[in-house]
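J.: Residue numbers (my numbering): 663 to 786.
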Amino acid sequence: MYYCRNCRKEFEFAKIYFEKQGEKENAFEKFLLCPFCDSTDFFEQKGCYCRYCGIRLKVKGSEYCSHSCRKQGERLFEKELRQKESRKASSLFNAIKEVDDYNKRTNCSLSYGQYFALKGVGRI
Ligand SMILES: [Zn+2]
Ligand SMILES: [Zn+2]
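1. With DSSP run on the structure shown, which of helix, strand or coil describes cysteine 731?
2. For proline 697 versus phenylalanine 680, is the C-beta spacing smaller than 9 Å?
3. Out of Leu754, Val783 and Arg667, which has the shortest C-alpha to C-alpha gap to threonine 702?
4. Under the three-state reduction of DSSP, which class applies to glutamate 736: helix, strand or coil?
5. Within the present structure, is the beta-carbon of glycine 723 separated from the nearest heavy atom of ligand 2 by less than 8 Å?
6. Cα-Cα, which of Asp763, Phe693, Glu685 and Gly723 is closest to glutamine 707?
7. If you draw a straight line from the alpha carbon of arginine 737 to that of arginine 713, how long is it in whole angstroms?
8. Measuring from the CB of glycine 716, is there a heavy atom of ligand 2 at a distance below 8 Å?
9. For serine 701, verify whether its CB is less than 8 Å away from any heavy atom of ligand 1.
10. Relative to ligand 3, is the shortest distance from any of its heavy atoms to the C-beta of asparagine 756 smaller than 8 Å?
11. Measure the Cβ-Cβ separation of lysine 682 and phenylalanine 675 and say whether it is below 9 Å.
12. If distances are taken between C-alpha atoms only, which option among Phe705, Phe704, Cys731 and Val721 comes closest to cysteine 715?
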């Protein structure tokens, strides 16, 4: 999708225009023009696809094609976030458990910080 800065229209395909260069045979220069106003002042727009269903979006700057896609997309995003957080929480949980187990096993009462400091220098 292209957006023309000159006429502010959007279009799918630029107009291809060949201009003859000099007198030589087959010496053409290729230009891409806005199909509405023949301007070359346009640029390709990126990221204009629905984040949920991938359909091409008509509205500039939006992330989803519809309310339902937005809902679904955000739900998916939240779910990923929650999964990430629960993974983080479970690794913390495992670390605490490791310290507890160590303390029980060795009859020590190392704190979390002490344990990982010792482990870090290879003493555990
Ligand atoms: Zn234009
Ligand atoms: Zn969509």
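Glycine residues also receive a C-beta, built at the ideal position from the N, C-alpha and C atoms.
T.: To lay it out plainly:
1. Note: cysteine 731 maps to helix in three-state DSSP.
2. Going by beta carbons, proline 697 and phenylalanine 680 fall outside the 9 Å limit.
3. That would be Arg667, whose Cα lies nearest to the Cα of threonine 702.
4. Looking at glutamate 736 - three-state DSSP - the assignment turns out to be helix.
5. No, the beta carbon of glycine 723 sits no closer than 8 Å to any heavy atom of ligand 2.
6. Nearest Cα to glutamine 707 within the set Asp763, Phe693, Glu685 and Gly723: Gly723.
7. Rounded to the nearest whole angstrom, the C-alpha separation of arginine 737 and arginine 713 is 12 Å.
8. Correct: glycine 716 has its Cβ closer than 8 Å to ligand 2.
9. Yes, since a heavy atom of ligand 1 falls inside the 8 Å radius drawn around the Cβ of serine 701.
10. In the structure on display, ligand 3 does not appear, and the ligands it does have are ligand 1 and ligand 2.
11. No, the Cβ-Cβ distance between lysine 682 and phenylalanine 675 is not below 9 Å.
12. Taking only the C-alpha atoms, the option nearest cysteine 715 is Cys731.
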